[in-house]
Amino acid sequence: MSTLLPLALLSDATASRPEHCHVVLALCADWCGTCRSFRPVLEQLAAEHPHIVFSWLDIEDEADLANDLDVETFPTLAIFRDGAPLYFGASLPMADVVTKLIRAAEAAGGPLSQIPREIAAMADALFASEADRAVLHGR
Numbered sequence: 001m002s003t004l005l006p007l008a009l010l011s012d013a014t015a016s017r018p019e020h021c022h023v024v025l026a027l028c029a030d031w032c033g034t035c036r037s038f039r040p041v042l043e044q045l046a047a048e049h050p051h052i053v054f055s056w057l058d059i060e061d062e063a064d065l066a067n068d069l070d071v072e073t074f075p076t077l078a079i080f081r082d083g084a085p086l087y088f089g090a091s092l093p094m095a096d097v098v099t100k101l102i103r104a105a106e107a108a109g110g111p112l113s114q115i116p117r118e119i120a121a122m123a124d125a126l127f128a129s130e131a132d133r134a135v136l137h138g139r
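Just so you know, we're using UniProt numbering here: the sequence shown kicks off at 1 and counts up by one.
Now the structure itself:
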């Protein structure tokens with residue numbers, strides 16, 4: 001069983017967690033061999049860090065969510081705290097590199113890198129509650 005949370009459950013999972021909930025989101029593509037080999041590494045990290053939510057976004061399967069994001073290098077990681085983006089950028093697909101990024105994000109008082117506008121928009125969509133999504137879509 002995967003320890004990576006499906007995107008559809010992300011909002012509810014983060015809403016039920018205490019303050020300062022961190023989310024590590026891998027933006028990948030199914031055709032990317034590096035991404036396929038990175039997935040087990042990310043699953044291992046998720047098992048080692050149960051206080052952090054880990055998820056996977058296939059930029060082609062979830063094109064509506066990734067819409068205007070310019071992902072040029074795979075894997076790319078986005079790290080959020082309480083729905084606010086802290087990091088967005090390419091990452092080496094190695095556990096120790098990702099662990100260092102996680103530690104830096106947990107200690108950071110703000111973004112670790114320049115955050116594209118599209119990531120903030122994606123965060124709004126990812127972390128909106130079901131009720132918020134219903135209002136947005138006129139239901």
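Using N, Cα and C, we set each Cβ at its ideal position, and we do this for glycine too.
Inter-residue spacing [alpha-carbon to alpha-carbon] between residue i and residue j
i, j, result
"E106", "F80", "10 angstroms"
"A121", "L69", "10 angstroms"
"A108", "S55", "21 angstroms"
"L7", "E118", "17 angstroms"
"G138", "A125", "Any reading at G138 needs caution, since the residue's pLDDT is 43, under 50, leaving its predicted position unreliable; the model's value is listed next. Their backbone Cα atoms lie some 15 angstroms apart in a straight line."
"F127", "P50", "19 angstroms"
"P75", "C21", "22 angstroms"
"A66", "I115", "14 angstroms"
Residues near residue i in its chain [Cβ-Cβ closer than 7 angstroms; skip 5 each side]
i, result
"L4", "L42, E43, A46, F54, S55, W56"
"L101", "L77, I79, Y87, S91"
Selection from the options that minimises the alpha carbon distance to residue i
i, options, result
"S113", "A84, P40, T34, D96", "A84"
"A63", "V23, M94, D30", "D30"
Test item: CB-CB of residue i and residue j under 8 angstroms
i, j, result
"V71", "I52", "no"
Runs of alpha helix (DSSP H) lying entirely within the UniProt domain "Thioredoxin" (1 to 107), each at least 4 residues, in chain order: 10 to 15, 33 to 48, 63 to 66, 95 to 107
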